[in-house]
Amino acid sequence: MSASDDKPLTVRCQCGNVSFPTPTAKPISLYHCHCTECQKQTGSAFGTSAIYKAEGLFPLAPDLAAKLKLYSRYSAEKGRSLDCYFCPECGSRMFHRIIDGDGTPRSTVSIKGGCIEGLDWSGAFHIFMRSAVMKIPAEWEQYEALPPWMNMDKAR
2 MSASDDKPLT VRCQCGNVSF PTPTAKPISL YHCHCTECQK QTGSAFGTSA
52 IYKAEGLFPL APDLAAKLKL YSRYSAEKGR SLDCYFCPEC GSRMFHRIID
102 GDGTPRSTVS IKGGCIEGLD WSGAFHIFMR SAVMKIPAEW EQYEALPPWM
152 NMDKAR
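First residue of the sequence shown? That's 2 in this note's numbering, and the numbers climb one at a time after it.
Right under this line is the structure:
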């Protein structure tokens, strides 16, 4: 790994009002989600999530928190909520974090891939293909729902 490979990347919204470094240089995981919630959130065929440890981003620095707006989406079916942070100027969703039913935030955060400058997109996989509105080449890693090893119902 070269010196430049271990530096955090810059996350920036469309208008440039909000920017911050990623918690680490590389995400833990990177995927394209084709679920209907991600389609609605992005206004597109899928959303891209780069998963990082929340440590290093949370607790939010006061200057960053002051620039963000929060939309919290509760799911009675799942018994948890999703805290979604976005730029109030341009509306770009920047990241979100699962909050378990007991109020405990997960130890990871999903930063929106399109906001990360210089992100290496190789190795990304596709989830919730059962809701896909476009075809993905068969040789690309993909799952009808969540991969068996990716249980979103359990705290991490």
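All residues carry an ideal CB built from backbone N, CA and C; glycine is no exception. This structure is a prediction, so every number in the text was calculated from the model and none was measured.
Query	Result
Touch test, the segment 61 to 81 against the segment 129 to 139, Cβ-Cβ under 8 Å, three pairs minimum	no
Reference N1, options E142, H97, L69 and W122, closest by Cα	Nothing can be reported for residue 1: it is not among the residues displayed for the chain, which extend from 2 to 157.
Residue range of the beta strand (DSSP E) that includes T11	T11 to R13
L83 - containing beta strand (DSSP E), residue span	R81 to F87
Chain-order list of residues whose beta-carbon lies under 7 Å from that of G102 (same chain, five-residue window excluded)	G80 and R81
DSSP three-state assignment for V19, whether helix, strand or coil	coil
Three-state class that DSSP yields for T43 in the structure shown	helix
Rounded separation between L1 and S20 - CA only	The structure shown does not extend to residue 1, since the chain spans only 2 to 157, so no value can be given for it.
Distance between beta carbons of Q15 and S93, contact taken as under 8 Å	5 Å
Straight-line Cα distance separating A125 from I29	11 Å
Where A66 falls: helix, strand or coil (DSSP)	helix
CB-CB length for I137 against H127, believed under 8 Å	5 Å
Exposure of W122, with buried meaning 16 or more beta-carbon neighbours within 10 Å	exposed
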